[in-house]
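In our numbering, each residue's number is its place in the sequence shown (first place is 1) plus 2. No residue lacks a Cβ here, since even glycine has one placed at the ideal position from N, Cα and C. Structure record follows, encoded as C-alpha cells.
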Amino acid sequence: MYLKAEKRSGRSMQARIWIWAMLCLLGVATFQVHTQRLDYRLYYWFKTHMHADDWQDRAVWLPNYRVEIDAKPVIGINNNLSGLTYDRDLGMLWTVINGPNELLALSRDGDVLARYSLEGFSDVEAVTYIGNGQLVVAEERKQNLVIIDIPVSADGTLLTSGSLNQEKYPSLKLAFWNEDNKGLESLTYDLKNDRLYVAKERDPIQLLEVSGLRASLDEGLPVSVRNLSGWIRDKVFATDVSSATYDEKSGHLVLLSDESKLLIEITTEGKVISFRSLARGFAGLQKGIPQAEGVNIDEDGYLYVVSEPNLFYRFTREPE
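Structure representation (C-alpha cells):
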C-alpha cells in the first residue's frame, strides 16, 4: 500500500513539474512575442506578400535584398560608428563618430576615404546629404542641426583630413523633446521635395517631417513641421528607430531598428510596404547585425548599413 502511495505521489510530483515547466515556457514565449512583436511581424508578412506583385516594381522591396559585404570592420575606427548618408555628387558615403566627434567619408566598399574632427560639436549622432556640397549633422541631446560644407580644395577635390568648427556653420535648433540620450537619433533628406525627416529613437518613437530646409538656408524662409509620430507608433512594429533613409526612386522611407533587428519600408503616409529581418540567417547574414545605427540607399539600389562598434554591410537586391 505504501509503495502504491509513493508511486502515485511521484507521478503527481512529475505532473506538477511538467505543468510548471510548460507554464514557464508559455510565459517566455508570450514575453518574446510581446517584446519582439512577433505577432505583428507575422501579420505584416502575410499582408505585404499578398500584395507583392503590386509593389515589387515600384518599391524598395526589402525581402529581395541579400548581404554581399557582411560585417566588414571599418579600418581605423574602434567604436561609436553612427549614422549614414549617400552623397550622389561624389559617389560615396558619409558617417559620424560620437566620442570623439568625427565626420568620415567612406567608399561604397566601406573603406575610409577622409576623416575630419568636429570641433565644438556635442554628441553627434546622425548625418544626411542635402545637395549643393552640404551635409546636415545632428547633435542628439541639443537637438541641433548643423549645416556644414563638405571640405574640398579649390579644384573641387575632396580633402582627406582636417577639422570643422561648429561656430563657422549655420544651425537650426529643433527643441521638440527633453535633452536626454533618447533625443534626435536619425536624419534623412528628400532632395526633390526639400523635406527633412527627423526621428527620435524611443520613449516614445517619434518622426517629424521638416519642410523647407533648403529654402530657409537660401532665402531665409521659415520651415514647417509635420508630426508623423501617430502613424509610426500605430503601424511600425519595432521597439526603436535608430536610423532612416529616404529612397528617391520609390519615394518611400526605410526605417532601421537596432533593438528589433529590422528594416521596414513605409510610404510617407505611413503604409507598411515591406520589411527584412537583420537577425542571423536572414538576408544571408552569418550573424545578426549588432547595434545597427545607420542605413542608406544609393541610386543603383544598393543598401548600406553601419553598426557599432565599426561594422559595414552592403546589400544588393536580387532579381525577382
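Please classify residue i: does DSSP put it in a helix, a strand, or coil?
i, result
"Glu104", "strand"
"Glu221", "helix"
"Trp96", "strand"
"Asp125", "coil"
"Ala201", "strand"
"Lys175", "strand"
"Gly78", "coil"
"Gly164", "strand"
"Arg90", "coil"
"Gly64", "In the sequence under discussion, the amino acid at residue 64 is Leu, which differs from the Gly named in the question. Three-state result, Leu64: helix."
"Asp192", "strand"
"Arg143", "coil"
Taking just the CA atoms, how far does residue j sit from residue i?
i, j, result
"Leu106", "Val76", "11 Å"
"Asp113", "Gly93", "13 Å"
"Leu1", "Ser262", "Because the chain here runs from 3 to 322, residue 1 falls outside it and cannot be looked at."
"Trp96", "Thr87", "5 Å"
"Thr159", "Lys144", "32 Å"
"Val2", "Ser213", "Residue coverage of the chain in this structure runs from 3 to 322, which leaves residue 2 outside it and unanswerable."
"Arg90", "Tyr306", "14 Å"
"Glu70", "Val274", "25 Å"
"Ala31", "Asn229", "For Ala31, the predicted model reports a pLDDT of 37, less than 50, meaning its position is unreliable; a value from the coordinates is still stated below. Those two C-alpha atoms are separated by around 35 Å."
"Gly85", "Leu174", "19 Å"
"Tyr171", "Ile150", "6 Å"
"Gln293", "Pro311", "8 Å"
"Pro102", "Ser119", "8 Å"
"Glu221", "Leu137", "18 Å"
My assumption, with CB atoms under 8 Å, is that residue i sits in contact with residue j. Please give the rounded CB distance.
i, j, result
"Glu127", "Asn100", "6 Å"
"Arg319", "Gly303", "5 Å"
"Ala240", "Leu264", "5 Å"
"Asp242", "Ile207", "6 Å"
"Leu142", "Leu189", "Here residue 142 turns out to be Glu, not Leu, going by the sequence shown. Rounded, the Cβ-Cβ distance is 11 Å, inconsistent with contact."
At a cut-off of 8 Å, would you count residue i as near the ligand ZN, judging by its Cβ distance to the nearest heavy atom?
i, result
"Phe123", "Annotation note on the ligand ZN: not contained in the displayed structure, which lists no ligands."
Discussion item. Tell me whether the stretch 242-258 and the stretch 187-199 touch, counting them as touching only if at least three CB pairs, one residue from each stretch, are closer than 8 Å.
Written reply: yes
Item to complete: Let me know the beta strand (DSSP E) ranges lying completely inside the stretch 235-276, each 3 residues or longer, listed in chain order.
Response: Unbroken beta strand (DSSP E) runs of no fewer than 3 residues, entirely contained in the stretch 235-276, are found at 245-249, 254-259, 264-268, following chain order.
Worksheet item: Counting Cβ pairs closer than 8 Å, one from the stretch 233-247 and one from the stretch 217-225, do we hit at least three?
Response: no
Fill in: Contact between the stretch 81-89 and the stretch 272-285 (3+ Cβ pairs under 8 Å)
no
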